[in-house]
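Visitor: Protein chains in written order, with the numbering used here: chain A, 1110 to 1485; chain B, 4 to 316; chain C, 10 to 297.
By construction, the Cβ of each residue, glycine as well, lies at the ideal position given by its N, Cα and C atoms.
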Amino acid sequence: MAYLAIENLAKYFGSVTAVDHVSLEIERGEFLTLLGPSGCGKTTILRMIAGFEIPSEGRILLEDEDITNRPANKRPMGMVFQSYALFPHMTAEQNIAFGMEIKRLPKEQVKRRCAELLELVGLADAGRRYPHQLSGGQQQRVALARALAIEPKVLLLDEPLSALDAKVRVNLRNEIRRIQQQLKMTAIYVTHDQEEALAISDRIAVMARGHIEQLDRPEEIYSNPHTVFAATFVGSSNQFHAIVESPAEGICRVGEMQLRVPPLRERRKGDRVLLVIRPEEVTLRNVEEMGANGSPGIDTNMLSGYIELRTFLGPFTRFLVRSSLGMLTADVHSQSARGYEVGQQVYAVFPASASQALLLDAAEAELVQMVDAERI
Amino acid sequence: MQLPATGDEVGASSIGTAQAKSRRRDKIRWSYTLTSWLGLLPFLLFCLLFEILPAVIILEGSFVDSNTNAPTLNNYQRLLSVPSNIHAFQNSVALSAVTALLGSIIGFLASYGIYRLRSNWLRNFLIGFSSIAANFAGVPLAFAFVATLGVTGFVTVFLKNMLHLDLYNLGFSIYTFWGLVLVYLYFQLPLMILVSVPALAVLRPEWREAATNLGASGTTYWRRIALPVLLPSLIAAALLLFANAFGAYATAYALAQGNINIVPILISFVVAGNVGIDVGLGNALAVGMMVVLVVAVFIYTAMLRRVSVWQGR
Amino acid sequence: MSAVQQKSRARAFIVSLDALFLLLVVIYLVVPLIATLVFGLQGGKGLDVHSYQEIFTDKNFGQTLQLSLELALATTLLAVILVTPTVYWVQMRLPGVRIVLDILSLIPFAVPPIIMSLGLLEVYGSSNLLINVLSLGLVPILSNNPFNIVNTPQLLVCAYVIVALPYVYRPIDNSMRAINTTVLTEAAYSLGSGWWRTFLRIIMPNIWPGIISAALLTFSTVMGEFTLASLFGIFTFPIYLNEVGQSDAHKAASLAVLSFLLTLLCVLGIILLVRRRPGQQVEIAAAR
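(1) Check N78(B) in the structure and name its three-state DSSP category.
(2) Which of helix, strand or coil does DSSP assign to M1188(A)?
(3) Have a look at the DSSP bridge pairing and note the partners of E1166(A).
(4) Give the secondary structure of E1450(A) by DSSP, where H, G and I count as helix, E and B as strand, and everything else as coil.
(5) For G174(B), return the contacting residues in chain C, with the cut-off set at a CB-CB distance below 8 Å.
(6) Buried or exposed for F65(C), going by 16 or more other Cβ atoms inside 10 Å?
(7) Suppose you measure from the CA of Y1298(A) to the CA of D1175(A); what does that come to, to the nearest Å?
(8) Check C1223(A) in the structure and name its three-state DSSP category.
(9) Where DSSP assigns a beta bridge to E1139(A), which residues make up the other side?
(10) At what residue ranges does the stretch 165–249 of chain C contain a whole run of the alpha helix (DSSP H), taking only runs of 4 or more?
(11) With distances taken Cα to Cα, identify the nearest neighbour of Q163(C) among L270(C), L32(C), L237(C).
(12) May I have the straight-line CA-CA distance separating I177(B) from I135(B), to the nearest angstrom?
(13) Rounded to a whole number of angstroms, what is the C-alpha to C-alpha distance between L1243(A) and G1231(A)?
(14) Since S1355(A) sits in a beta bridge, which residues does DSSP pair it with?
(15) Just reading off the alpha helix (DSSP H) that L307(B) is part of, what are its end residues?
(16) For V1382(A) versus A1339(A), is the C-beta spacing smaller than 8 Å?
(17) Taking Cβ positions, are M232(C) and A44(C) nearer each other than 8 Å?
(18) Between which two residues does the alpha helix (DSSP H) carrying Y256(B) extend?
(19) Express the C-alpha separation of S1132(A) and Q1486(A) in angstroms, rounding to a whole number.
(20) Name, please, each residue of chain B whose Cβ falls closer than 7 Å to the Cβ of W98(C).
(21) Just checking: is the beta-carbon of G1187(A) within a distance shorter than 8 Å of some beta-carbon in chain C?
(22) Mind checking G1403(A): buried by the 16 CB within 10 Å criterion, or exposed?
(23) Can you look up T1300(A) in the DSSP assignment and give me helix, strand or coil?
(24) Out of E1172(A), L1422(A), A1466(A), point me to the one whose CA is closest to E1375(A)'s CA.
(25) Interface residues of chain C around I1169(A) at Cβ under 7 Å?
(26) Please report the Cβ distance between S95(B) and I265(B), rounded to the nearest whole angstrom; I am assuming they are in contact, meaning their Cβ atoms lie under 8 Å.
(27) If contact is defined by three or more beta carbon pairs under 8 Å, each pair taking one atom from either stretch, is the stretch 147–159 of chain B in contact with the stretch 28–42 of chain C?
(28) Just verifying my parser: in three-state terms, what is the DSSP assignment at H1442(A)?
(29) Under the rule that 16 or more other beta-carbon atoms within 10 Å means buried, what is F301(B), buried or exposed?
(30) Does K1120(A) get closer than 8 Å to chain C when you measure Cβ to Cβ?
(31) Which residues of the stretch 188–206 of chain C have a Cβ closer than 8 Å to any Cβ of chain A? Give them in chain order.
(32) Going by DSSP, name the residue or residues bridged to S1432(A).
(33) Kindly list the residues whose CB is nearer than 7 Å to the CB of A1111(A), restricted to its own chain and excluding five residues on each side of it in sequence; keep chain order.
(34) Looking at the unbroken beta strand (DSSP E) that takes in S1464(A), where does it start and where does it end?
(35) Assign Q93(B) to one of two classes, buried (16 or more other C-beta atoms within 10 Å of its C-beta) or exposed (fewer than that).
(36) Strictly by DSSP, which residues pair up with E1174(A)?
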């Protein structure tokens, strides 16, 4: 039995379909992230679970009980908002106590629990402060404590880190994950930041245009994206339009060149596909080096070109290599990147197993273009 | 935000057919909307009873002959043909327009003066003082001006004794049209200030800087940037002043009491049961006033909407 | 003289123009007050408080002042109680209806007290079929026994609520839009709070400046309202003021000063009690 389940959930706003018949099951204690660009329906789903939007179709079940039509204030869910939503006229402690007071818990217990929760989120001595006296990160911690105070069955988080500085974001997301694991709380997290999603989720539901593209563990989504969108939205990638030449042997043609990919089981000759290669799978080799070591193995792709741009990113260095196929991005450990400079002739090398060949249709191509445009 | 109906709707795990489910969903949505409108009912009812129906009855009554209770255009005929009625409208419009115009221009310049004040304390004091002055209207204001510029008023006497200037011999009188203008300005000016100072705050210093950087002079800045941006707010303010003066009754009554022929005074004759005017005509007069005011308020709203569009709200 | 010098001379002139007008306006506003104060203290020879004494010992002074205070209090309470939950309700449940509220709050500008008095007299003083139907039968109920509200203080209070409506609606609506009403409500709901609790414990404390502004504006409006009271024949403080003042110019001046002080108190109240948040406008004007 799933702890929380949504069945065939749909939401229409006039003629716009925000959520298109989505079904999902969440286990108890699981941290599930809804990941996608703005407008993909992730927030709408969260709000329907919280009770702030009424579904046009479908059901929401909590521990097998249909709560689809239950008012928001009668659902055992705690919500953390993007804008913190702390009550400005109450101190941190009073904010946290609010939900407990509604449940008419005895004063002593309320006081004790407030102190516990403040301690849990690392704000032990900030209880008397008002929201405007707290930083963004601190406010969000109080908001988290407030949501946890009512001992919800599910914790809902709506892009809680979007309004915060980069450094704070990283710290706080780890905090949230730590607390969630410590309390074994079921959590649904909404974000458009794929790095965030990869870092803290048990499972990720990648969403686009109102439906789920892929639902999997982070590692799976990253290394085995099922759709073009999942491949291009999560992590950075090199993309080439290709045509399948030999599915059994795993050969595709890009322009004039042939590239080796893993054997393609569900493809036929002539299929148009998108080849997706992660930059960290691409290594650089000097021209001289290649000559000395002989030709590469049969399962390796090798493209010649020259380095057009070199960007130092700390732990690794990103190279843009202009090859006969077009631009190729290679992420190399900075220590190994020392011998390569702009303008240098190199070989970009990646194994056949590193590329994904994903069936490309017009709709997906358009989606990918849209996402790329937003990225810029 | 849409909330499911406030009630204890604890759903059991229902296994109904799709039809039953959607029927139930429609019923819930319908009852939600109904409750929503019910919540609005007290306010709507109140407005209906005390704001809308009076206006409706006036409109209806203006087309009814008071003696025969038969529908007629007679009231409007009299409105437009009897000289004293026409004069009343002319006076009302003139009074309102003059005080609105003078109030806007002078008030705007004074607001700009306040806007440029460096001292926060002084600025807040002047704004506070303006709000008091804007509220100080009606009967007490009339008395205050009688005490100031009446025949034996303080300033009148002062000028006569100190500067040998006899105002009343020179033809001035607080009890005439222009006297009334002077008195009306007392609450019109502060009202303009109160509305303009926040409107001026909209002018960002960066605009001035950008304009100067691009080579504009002070006059050019005002002509091409500041005034055009401020114009809708100023027009809205002027119309507010106009509507304010047009509907004012108490001040004129206390001061001139029948010596001044303006529409509110005429209407008061009807309500007071004065024999010269009957209800039908009174209604027609009132409708005339409402038409003028509705136009003024309409333009006022349009101007304000333009302002908020420009500010991207 | 160079062009730049000429320009800055011109600018200086324009700068001083607005300062000049400001000064003139301030003088124009202050002089009548001083004049009235002095005039009121001139009983016969020199300054004395004769007229003030007479006023304070006049029985009608206390009576009418009390009546006006009661009317003002009743109007203020009724207005705030009627408008505040409605604005919140509309914002959360019927956001599209906001424009209707905006229009309703502007109608009093198009139907000033003088017109309203005529209308109310006709609605509640005479029988009219159209009105009876449109009001869903409520007007006949109110016009006749046991209510009989024509020309009563009760009707006056209701009329005053409408007169004050623009000055109540605007500050409260502004306040409610300045705070993140929707998100706060959702947060409260997610913690289990119902509609009333959310409204009273979360929303109202945060729109307090708007409510204070609305309350004090209403109060000062009612304390100074002459038209409706006069035409209804109800003996309020402004009516008393007029009566006394028409017969004795010096008393008139003293009463004007008293009235001014009253207004001063109300506005000071707003300024002091309402701590402005950065960027929030405080409504302080009730046009007459």
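Guide: Working from what's here:
(1) Here residue 78(B) refers to the residue found at position 75 when the second sequence is read from its first residue. The answer is helix: DSSP assigns N78(B) an H, G or I state.
(2) In the first sequence, counting from the first residue as 1, residue 1188(A) sits at position 79. The answer is strand: DSSP assigns M1188(A) an E or B state.
(3) Numbered from its first residue, the first sequence carries residue 1166(A) at position 57. Paired residues: A1119(A).
(4) In the first sequence, counting from the first residue as 1, residue 1450(A) sits at position 341. Reduced to three states, the DSSP call for E1450(A) is coil.
(5) Residue numbering aside, residue 174(B) sits at position 171 when the second sequence is read from its first letter. The premise fails here: G174(B) is roughly 21 Å from chain C at the closest Cβ pair, so nothing lies under 8 Å.
(6) For the purposes of this step, residue 65(C) is taken as the residue at position 56 of the third sequence. Classification for F65(C): exposed.
(7) The residue you call residue 1298(A) lines up with position 189 of the first sequence. The residue you call residue 1175(A) lines up with position 66 of the first sequence. Approximately 21 Å, taken between the alpha carbons.
(8) By 1-based counting over the first sequence, the position of residue 1223(A) is 114. Correct three-state label for C1223(A): helix.
(9) The residue labelled residue 1139(A) in the question sits at position 30 within the first sequence. Its beta-bridge partners do not exist; DSSP assigns none.
(10) 190–199, 217–233, 236–241
(11) Counting from 1 along the third sequence, the entry for residue 163(C) is found at position 154. Nearest of L270(C), L32(C), L237(C) to Q163(C), Cα basis: L237(C).
(12) Position 174 of the second sequence, counting from 1, holds the residue named residue 177(B). Position 132 of the second sequence, counting from 1, holds the residue named residue 135(B). About 23 Å.
(13) Counting from one through the first sequence, the residue named residue 1243(A) turns up at place 134. Counting from one through the first sequence, the residue named residue 1231(A) turns up at place 122. Using only the alpha carbons, I get a separation of about 13 Å.
(14) Here residue 1355(A) refers to the residue found at position 246 when the first sequence is read from its first residue. I1360(A).
(15) Along the second sequence, read from residue 1 onward, the residue named residue 307(B) stands at position 304. Segment 282–313, the alpha helix (DSSP H) holding L307(B).
(16) In the first sequence, residue 1382(A) corresponds to position 273, counting from 1. In the first sequence, residue 1339(A) corresponds to position 230, counting from 1. No, the pair does not count as a contact, with Cβ atoms beyond the cut-off.
(17) Start at 1 with the first residue of the third sequence, and residue 232(C) comes out as number 223. Start at 1 with the first residue of the third sequence, and residue 44(C) comes out as number 35. In this structure, A44(C) does not lie closer than 8 Å to M232(C) by Cβ.
(18) Looking up residue 256(B) in the second sequence gives position 253. Note, Y256(B): alpha helix (DSSP H), 253–259.
(19) No answer is possible for residue 1486(A): it lies beyond the span of chain A, which begins at 1110 and ends at 1485.
(20) Working through the third sequence from its first residue, we reach residue 98(C) at position 89. Correct list: G42, L43.
(21) Counting from 1 along the first sequence, the entry for residue 1187(A) is found at position 78. So, interface residue.
(22) Here residue 1403(A) refers to the residue found at position 294 when the first sequence is read from its first residue. Low confidence applies to G1403(A): its pLDDT is 49, below 50, so where it sits in the model is not reliable, and the reading given next is rough at best. Looking at its Cβ environment, which holds fewer than 16 other Cβ atoms inside 10 Å, G1403(A) is exposed.
(23) Start at 1 with the first residue of the first sequence, and residue 1300(A) comes out as number 191. The answer is strand: DSSP assigns T1300(A) an E or B state.
(24) Counting from 1 along the first sequence, the entry for residue 1375(A) is found at position 266. Checking every option, the nearest Cα to that of E1375(A) belongs to A1466(A).
(25) Residue mapping note: residue 1169(A) aligns to position 60 of the first sequence, counting from 1. By Cβ distance, chain C contributes nothing, its closest Cβ being about 15 Å from I1169(A), past 7 Å.
(26) Within the second sequence, residue 95(B) is the residue found at index 92, counting from 1. Within the second sequence, residue 265(B) is the residue found at index 262, counting from 1. Confirmed, Cβ separation roughly 5 Å.
(27) yes
(28) Here residue 1442(A) corresponds to residue number 333 of the first sequence, with the count starting at 1. Correct three-state label for H1442(A): strand.
(29) To locate residue 301(B), count along the second sequence from 1; it is residue 298. Answer is exposed; the Cβ neighbour count stays below 16.
(30) On the first sequence, position 11 is the one that residue 1120(A) refers to. Cβ-Cβ to chain C under 8 Å: no for K1120(A).
(31) I188, N189, V192, L193, E195, A196, A197, Y198, S199, L200, G201, S202, G203, R206
(32) Indexing the first sequence from 1 puts residue 1432(A) at position 323. S1432(A) pairs with G1414(A), G1435(A).
(33) Position 2 of the first sequence, counted from the start, is the residue given in the question as residue 1111(A). For A1111(A), where only same-chain residues beyond five positions count, the Cβ hits under 7 Å are E1134, I1135, E1136.
(34) Looking up residue 1464(A) in the first sequence gives position 355. Looking at the DSSP string, the run of the beta strand (DSSP E) that includes S1464(A) is 1464–1468.
(35) Walking along the second sequence from the start, residue 93(B) turns up at place 90. Counting Cβ neighbours within 10 Å, Q93(B) comes out exposed, since fewer than 16 surround it.
(36) Locating residue 1174(A) in the first sequence gives position 65, counting from the first residue. Partner(s): L1171(A).
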